[in-house]
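Trainee: For the record, the sequence lines run as chains A and B. So in the working numbering, spot 34 of the first sequence is number 34, and the numbers just go up one at a time. One gets the working numbering by counting positions in the second sequence from 1 and adding 1000 to each.
Protein chains: 2
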Amino acid sequence: MSKVVLDVSVSLDGFTAGPNVRAEEPMGDGGERLHEWMGGEGPGGEADLDVRRQVDAAVGATVIGRRTFDLGLRPWGGTPWPGVPGFVVTHRTRQDLVGDNGGTFAFGGLEAAFRRAKEAAGGKDVLVLGADVARQALRAGLLDELWLHLVPVLLGGGTPLFAGEQVELVQEGTPVAGSASVTHLRYRVVRG
Amino acid sequence: MSKVVLDVSVSLDGFTAGPNVRAEEPMGDGGERLHEWMGGEGPGGEADLDVRRQVDAAVGATVIGRRTFDLGLRPWGGTPWPGVPGFVVTHRTRQDLVGDNGGTFAFGGLEAAFRRAKEAAGGKDVLVLGADVARQALRAGLLDELWLHLVPVLLGGGTPLFAGEQVELVQEGTPVAGSASVTHLRYRVVRG
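1. Between which two residues does the beta strand (DSSP E) harbouring VAL128/A extend?
2. So the beta strand (DSSP E) GLU1168/B belongs to, where does it begin and stop?
3. Decide if PRO80/A is buried, meaning its Cβ has at least 16 other Cβ atoms within 10 Å, or exposed.
4. For THR183/A, would you say it is in contact with chain D, using Cβ-to-Cβ distances shorter than 8 Å as the test?
5. Between ALA1177/B and chain A, is any beta-carbon pair separated by less than 8 Å?
6. Under the rule that 16 or more other beta-carbon atoms within 10 Å means buried, what is THR1062/B, buried or exposed?
7. Taking Cβ positions, are ARG115/A and GLU145/A nearer each other than 8 Å?
8. Whose C-alpha, out of ALA1023/B, GLU1024/B, TRP1037/B and PRO1019/B, is nearest the C-alpha of GLY1030/B?
9. Which one of VAL51/A, PHE87/A, GLU172/A and VAL167/A has the shortest CA to CA distance from ALA140/A?
10. Using only alpha-carbon positions, find the residue among ALA113/A, LEU169/A and ASP132/A that is nearest to PRO1152/B.
11. So, with DSSP's three-state summary, where would you put ALA1106/B?
12. Shortest alpha-carbon distance to VAL1004/B belongs to which of PRO1075/B, ASP1125/B and GLY1103/B?
13. Tell me which residues of the segment 1061-1090 of chain B have at least one Cβ-Cβ distance to chain A shorter than 8 Å, keeping chain order.
14. Give the straight-line distance between the Cα atoms of GLY178/A and TRP1147/B, rounded to the nearest whole angstrom.
15. So, helix, strand or coil for PRO1075/B, using DSSP?
16. What residues in its chain sit with their C-beta under 8 Å from that of PRO1160/B, if we drop five residues either side in the sequence?
17. Measuring straight from C-alpha to C-alpha, what distance separates ALA112/A and GLY86/A?
18. For ARG33/A, which of GLY99/A, ARG191/A, VAL190/A and ALA180/A has the nearest alpha-carbon?
19. To the nearest angstrom, how far is it from the Cα of GLY45/A to the Cα of VAL51/A?
20. Between PRO1202/B and chain A, is any beta-carbon pair separated by less than 8 Å?
21. Do VAL1182/B and ASP1048/B have their beta-carbon atoms positioned less than 8 Å apart in this structure?
22. In or out: HIS1091/B buried (at least 16 other Cβ within 10 Å) or exposed?
23. Taking 8 Å as the CB-CB limit, is GLY1031/B close to chain A?
24. Have a look at ALA117/A and GLY1060/B and give me their C-alpha separation to the nearest angstrom.
25. Quick check on THR1183/B: does DSSP put it in helix, strand or coil?
26. Closer than 8 Å by C-beta to GLY123/A: which residues in its own chain qualify, once you throw out the five before and the five after it? Chain order, please.
27. Output, in sequence order along the chain, the residues in the segment 1137-1158 of chain B whose CB is closer than 7 Å to any CB in chain A.
28. Roughly how many angstroms lie between the CA atoms of ASP1096/B and LEU110/A, to the nearest whole one?
29. Any beta-carbon of chain B closer than 8 Å to the one on THR16/A?
30. With 7 Å as the limit, tell me which residues of the segment 1099-1127 of chain B have their beta carbon closer than that to any beta carbon of chain A; keep them in chain order.
31. List the endpoints of the continuous alpha helix (DSSP H) containing LEU49/A.
32. Candidates VAL1084/B, PRO1043/B and TRP1076/B: which alpha carbon is nearest PRO1026/B's?
33. At a CB-CB cut-off below 7 Å, which residues of chain B make contact with ALA180/A?
34. Does any residue of chain B have a CB that is nearer than 8 Å to the CB of THR93/A?
35. Helix or strand or just coil, what does DSSP make of LEU1042/B?
36. If you measure between the beta carbons of LEU150/A and GLU1165/B, is that distance less than 8 Å?
Now the structure itself:
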């Protein structure tokens, strides 16, 4: 069964990007710090790479916020995972877009994006990209799990991961101590 | 050497108490959820009790915010740890107060409270209680470590642990998976 998963790197003060997100700095000021662990360097780096491999193996489709799409298209060079279809949440109807890496983007509303992504995932998981669309999914009861990569930095501002949602979660599995720059945590969303 | 430690339970959305903190509900609406792990119940509860024992063994003195003191004095029945001296950060000079459990409270400004607490700790650690005084200590470069008990709930509002500070941290040791209701993490503050 496809799960809908928010997989995201977040600072200890709860930001998924630093202040001043813009085309030249899609992660905002200082926000690239949140992705350093992905390089798998230093002691514990192998655990980080294992976590990345697990995510890569799990993803069957993605749901992507419109702003994340606009900012990500160029750095990704196509869909975030090559060949893995992306469903972009937007109010404007647009024709499907084939990315340079073979993945196809489709465009539509929130519920349709998740429905179509689950169909397309072929039993694998649907990964959600973008804090705003993730919060919408959380509020709409569409999110099954949260995979957090908790980075020990206080950015002091930026894009908050949460903003007023009230949700009970349950830990899944054991926290993974990666390199000094991250802890990997998994949570299941408890349905009300 | 005495370390200055902020040891605090925090929700996944970064609150150390729920909304509407008041005398009858010192943890605010829903905030008692953050302390459930301390009961050590359910699978993994023994790990939670181990963490508590480590904290209890480490504490030599406390620095306490004025508001936390006002709210805590009655539920604590004296100092937060029996016999362990507390230094309350306040602008108003007051005479020392001996709590019902044998611990003494002294009152003074921020820097004096930390200096006196380190002297009183006898080589053990100084624990900081109260989000506001903890942030003041962080900004003043007085905080050495953060011991977080990360509770998988989104409270949606309340007392934020962080509010605009920019700090780099380094993980210490390995995250401890406690019961389903908490993960225990330790971080060292990197001096700029």
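Using N, Cα and C, we set each Cβ at its ideal position, and we do this for glycine too. Nothing here was measured: the structure is a model prediction, and the numbers come from that model.
Mentor: On the basis of the coordinates in this document:
1. 125-129
2. 1167-1171
3. buried
4. Going by chain labels, chain D is absent from the structure shown, which instead holds the protein chains A and B.
5. yes
6. buried
7. no
8. PRO1019/B
9. VAL167/A
10. LEU169/A
11. strand
12. ASP1125/B
13. none
14. 18 Å
15. helix
16. GLY1014, PHE1015, THR1016 and ALA1131
17. 12 Å
18. ALA180/A
19. 10 Å
20. Outside the shown range of chain B (1001 to 1192) lies residue 1202/B, about which nothing can therefore be said.
21. yes
22. exposed
23. no
24. 55 Å
25. strand
26. MET1, SER2 and GLY60
27. PRO1152, VAL1153, LEU1154, LEU1155, GLY1156 and GLY1157
28. 60 Å
29. no
30. none
31. 45-58
32. TRP1076/B
33. VAL1170 and GLN1171
34. no
35. Correcting the residue type first, residue 1042/B is Gly in the shown sequence and not Leu. DSSP places GLY1042/B in coil when its eight states are reduced to three.
36. no
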